[in-house]
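Colleague:
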Amino acid sequence: MESSEGYKPNSDTYDAFISAFSSLGNADAMQAWYSAKTAAGFSVELQTYEYLISGFVKARKYDSADKLYEEMMASGVMPNIPILENMLEGLCKWRSFDQVKEFLKCVLDGGWEISSRMAERLVRLYVEVGTVEDMEELLVTVMNANQASEILSRVHCGIIRMYASSDRLDDVEYSVGRLLKQGLSFNCPDDVEKVICSYFRRAAYDRLDLFLEHIKGYYVLTRSTYDLLIAGYRRAGLSEKLDMAMKHMLSAGLS
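Start counting the sequence shown at 1; every next residue gets the next number (full-length UniProt numbering).
Below is the structure:
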């Protein structure tokens, strides 16, 4: 790849093309430039591996990403967070649950911290294809690895969502108490609203009141959550609770 003017591309030139085709998810073109770079005698740096693994995952060539990751580790190049995120994304899309668990173990044993993106993807996979027991095991794993509170909160909330979806109210309440005792709180309105829906399905209105009182000092209800409460109380014909919910919504400035 030398022009008529005698220009010879350097390592950065090859990486620029690899990066461009990685962004497009064009694995074949990306692979061709990678092969050309190594054939020209240039070493493969961390940034090159990041481009390649990202491109393979984007192109859904998960096996190629996995092989390249193994090659990278064997060469003594340690992954960065974007590489770990992309590898986890690929394994999750591959629906390889056992490999995800093994990969997570390697990440934690290596002393890396799980990023917010990784935690979100892990929880989503566990909710989709795992069991609540798997999620409880994941919580123990990340707690033992001293991961950040944001990561712990995401896993706690994943557990609560799974219990709420099955209307296991005793387990919901235990898990909420465990979350709050650790000084953590809910990540988003959807987590709270899934719990509320479970109480409504079970017509457990007094227990719902206790739940709302319990989280009051830790979480501020949003407009969508008040709308859900108002609609639920109205359907149940609970006029006093309906009036109280509307009053609280107005006092919170959510007219």
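Idealized CB from N, CA, C, for every residue including glycine.
Run through the stretch 36–61 for me and flag every whole alpha helix (DSSP H) of 4 or more residues, listed as ranges in chain order.
Modeller: Complete alpha helix (DSSP H) runs here, min 4: 46–58.
Colleague: Can the beta-carbon of TYR163 be found closer than 7 Å to that of SER185?
Modeller: It is not a contact, given that the beta carbons lie outside the stated cut-off.
Colleague: Select from TYR174, LEU108, PHE200, TYR126 the residue whose C-alpha is nearest the C-alpha of MET143.
Modeller: Checking every option, the nearest Cα to that of MET143 belongs to LEU108.
Colleague: Excluding the 5 residues preceding and the 5 following ILE159 in the sequence, name in chain order all residues of the same chain whose CB lies nearer than 8 Å to its CB.
Modeller: For ILE159, where only same-chain residues beyond five positions count, the Cβ hits under 8 Å are VAL132, MET135, GLU136, LEU139, SER175.
Colleague: Report all residues from its chain with a CB closer than 6 Å to the CB of PHE17; omit the five preceding and five following residues, and keep chain order.
Modeller: The residues are TRP33.
Colleague: Let me know the secondary structure DSSP gives PRO79 once reduced to three states.
Modeller: DSSP places PRO79 in coil when its eight states are reduced to three.
Colleague: Between which two residues does the alpha helix (DSSP H) carrying HIS8 extend?
Modeller: The question names His, but residue 8 in the sequence shown is Lys. From DSSP, LYS8 is part of no alpha helix (DSSP H); its letter is neither H nor E.
Colleague: Does the beta-carbon distance from ASN187 to SER149 come in below 7 Å?
Modeller: Result no, Cβ atoms of ASN187 and SER149 do not sit closer than 7 Å.
Colleague: Can you give me the Cβ contacts of LYS37 inside the same chain, cut-off strictly under 6 Å, excluding the 5 residues immediately before and after it?
Modeller: The answer, listed in chain order, is TYR14.
Colleague: On the premise that ARG201 lies in contact with ASP227, defined as a C-beta separation below 8 Å, what is that separation, rounded to the nearest angstrom?
Modeller: Between ARG201 and ASP227 the Cβ distance is about 17 Å, and since that is not below 8 Å, they are no contact.
Colleague: Whole angstroms is fine: what's the gap from ILE196's alpha carbon to MET244's?
Modeller: Their backbone Cα atoms lie some 16 Å apart in a straight line.
Colleague: If you run the structure through DSSP and keep just helix, strand and coil, what is LEU250?
Modeller: Here LEU250 sits in helix by DSSP.
Colleague: Does the distance from the CB of MET72 to the CB of TYR51 come in under 7 Å?
Modeller: No; because the gap between Cβ atoms is not below 7 Å, this pair is not in contact.
Colleague: Could you check whether ILE81 and ILE53 sit closer than 7 Å to each other, using their CB atoms as the reference points?
Modeller: Result no, Cβ atoms of ILE53 and ILE81 do not sit closer than 7 Å.
Colleague: Grab me the residues of residue 260's own chain with a C-beta within less than 8 Å of its C-beta, minus the 5 sequence neighbours each way, in chain order.
Modeller: For residue 260 there is no data in the structure shown, the boundaries of the chain being 1 and 255.
Colleague: Using the rule of at least 16 other Cβ atoms within 10 Å of the residue's Cβ for burial, across every protein chain shown, is CYS157 buried or exposed?
Modeller: Result: buried.
Colleague: Alpha carbon to alpha carbon, what distance is there between LYS58 and ILE114?
Modeller: If I take the Cα positions, the gap works out to 21 Å.
Colleague: Please report the distance separating the alpha-carbon of GLY25 from that of GLY55.
Modeller: Cα-Cα distance, rounded: 5 Å.
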